[in-house]
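**Student:** Residue numbers (full-length UniProt numbering): 1 to 326. My structure is below; once you've seen it, I'll send some questions.
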């Protein structure tokens, strides 16, 4: 069962699971997800905190053995403006869901977490033992759910893997699903928006401790991310045991990409020059970090295979299918 299964990440994960021969059941309240992303995939429309609704889904599918929990609100500025709403949706509702799963005897949980839980101040690599310093209510909700899962797993309620995503970009390479918003607020989305408007792209901050002074992120193709979830489900019982009931795993490429390098990738893919302007740092900005992914390689047998150019190319192709960049 995949919660948030009609969203960007959840729907791509569902596709990867289906292609790997894993039957799926999706739950989504469609507040941001798209109904067509769940077609033919056992989509149930409802709230993960509605105990009767979840009980009904589980009763219909007594063969569910694992849950991938992707459902969440994810917009950082929105979380700053509405922290109570974010804590309610991402933490409060998750607790109710976990209680429903525990009561139904479902003991395998894969959680969609975020690298936003890390400090991310140095522009360097970070492994799963890195310093945690969530910088927004959104990031804090991810850290809180991780701790809840760890404590509940230690208590024997279930076993859990928390997958800390770095920076997903791109779309399903076959363009079956993608971002509902083709020009999101992350750097690639802002680049696409600037290009569409015929305006220069602003590089915010050029004095970071990175190789070219611009901020750095680890951009992972969403299809690589989805395949990691397949590996987590398939290897769940190898990764975890009664002695190790909980584990955190970074998901990234293992390489950082600066903003200037992302602009260069966009220019390579489009074959066009993107004018840029340099501006000051914004409040709350960080140098960033990239994933150290030795654990994912070792325990999941997984590594990212797609390049940042692939991510840019698929993001542009998906945006074109929505006809929003004209």
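Note that the Cβ used here is the ideal one computed from N, Cα and C, for glycine as well.
Let me know the beta strand (DSSP E) ranges lying completely inside the stretch 243–312, each 3 residues or longer, listed in chain order.
**Tutor:** As far as the stretch 243–312 is concerned, its whole beta strand (DSSP E) runs of at least 3 residues are 246–251, 276–279.
**Student:** Going along the chain, which unbroken runs of the beta strand (DSSP E) with 3 or more residues stay wholly within the stretch 165–252?
**Tutor:** With a minimum length of 3 residues, the continuous beta strand (DSSP E) runs that stay inside the stretch 165–252 are 167–169, 201–204, 219–221, 246–251.
**Student:** Give a yes or no on whether the C-beta atoms belonging to residue 15 and residue 86 are separated by under 8 Å.
**Tutor:** Contact flag unset, no.
**Student:** Identify which residue in 161, 115, 39 has its Cα closest to the Cα of residue 27.
**Tutor:** Taking only the C-alpha atoms, the option nearest residue 27 is 39.
**Student:** When we look at the beta-carbon of residue 112 and count the other beta-carbons within 10 Å, is it buried (16 or more) or exposed?
**Tutor:** Buried, since its Cβ has 16 or more Cβ neighbours within 10 Å.
**Student:** Starting from the Cα of residue 7, find the closest Cα among 202, 294, 222, 295 and give me that residue.
**Tutor:** Cα-wise, what sits closest to residue 7 is 222.
**Student:** Check whether the Cβ atoms of residue 21 and residue 169 lie closer than 8 Å to each other.
**Tutor:** Contact flag unset, no.
**Student:** Does the stretch 304–320 come close enough to the stretch 248–260 to have 3 or more Cβ pairs within less than 8 Å?
**Tutor:** A contact exists between the stretch 304–320 and the stretch 248–260.
**Student:** Quick one: what's got a C-beta closer than 7 Å to residue 144's C-beta in the same chain, skipping five residues either side?
**Tutor:** These residues qualify, in order along the chain: 91.
**Student:** Quick check on the DSSP output: the beta strand (DSSP E) that includes residue 111 runs from which residue to which?
**Tutor:** Run containing residue 111: 108–114, per the beta strand (DSSP E) assignment.
**Student:** Measuring alpha carbon to alpha carbon, tell me which residue in 4, 207, 186 is nearest residue 71.
**Tutor:** Checked all of 4, 207, 186; the closest Cα to residue 71 is 4.
**Student:** Of all the options 31, 136, 245, which has the alpha carbon lying nearest to the alpha carbon of residue 78?
**Tutor:** It is 136 whose Cα lies nearest to the Cα of residue 78.
**Student:** Starting from residue 45 and walking both ways along the beta strand (DSSP E), at which residues does that stretch end?
**Tutor:** Unbroken beta strand (DSSP E) run through residue 45: 43–45.
**Student:** According to the neighbour-count rule (16 or more other Cβ atoms, all chains shown, within 10 Å of its Cβ), is residue 159 buried or exposed?
**Tutor:** With 16 or more other Cβ atoms within 10 Å, it is buried.
**Student:** Find the nearest neighbour of residue 25 within the set 48, 10, 41, 133, judged by alpha-carbon distance.
**Tutor:** Closest by alpha carbon: 41.
**Student:** For the putative contact between residue 109 and residue 67, defined by C-beta atoms under 8 Å, what is the C-beta separation to the nearest angstrom?
**Tutor:** 6 Å between Cβ atoms; contact.
**Student:** Could you round the C-beta distance between residue 232 and residue 125 to whole angstroms and report it? I think they count as a contact, below 8 Å.
**Tutor:** Rounded, the Cβ-Cβ distance is 22 Å, inconsistent with contact.
**Student:** Count the other C-beta atoms from every protein chain shown that fall within 10 angstroms of the C-beta of residue 225, then say buried if there are 16 or more, exposed otherwise.
**Tutor:** By the neighbour-count rule (16 or more Cβ atoms within 10 Å), residue 225 is buried.
**Student:** Given a threshold of 16 other Cβ atoms within 10 Å of its Cβ, counted over all protein chains shown, does residue 69 qualify as buried or as exposed?
**Tutor:** With 16 or more other Cβ atoms within 10 Å, it is buried.
**Student:** Starting from the Cα of residue 19, find the closest Cα among 256, 189, 229 and give me that residue.
**Tutor:** Cα-wise, what sits closest to residue 19 is 229.
**Student:** Mark residue 167 as exposed unless 16 or more other C-beta atoms lie within 10 angstroms of its C-beta, in which case mark it buried.
**Tutor:** The residue in question, residue 167, is buried, as its Cβ has 16 or more Cβ neighbours within 10 Å.
**Student:** I'd like to check one pair, residue 163 with residue 235: are the Cβ atoms closer than 8 Å?
**Tutor:** Not in contact: residue 235 and residue 163 (Cβ atoms no closer than 8 Å).
**Student:** Taking buried to mean at least 16 other C-beta atoms within 10 Å of its own C-beta, is residue 315 buried or exposed?
**Tutor:** Flag for residue 315 reads buried.
**Student:** I'd like to confirm the pairing. Which residues does DSSP put opposite residue 163 in its beta bridges?
**Tutor:** For residue 163, which the question treats as bridged, DSSP gives the partners 112, 249.
**Student:** I need the DSSP call for residue 130, collapsed to helix, strand or coil.
**Tutor:** Three-state DSSP puts residue 130 in coil, outside helix and strand.
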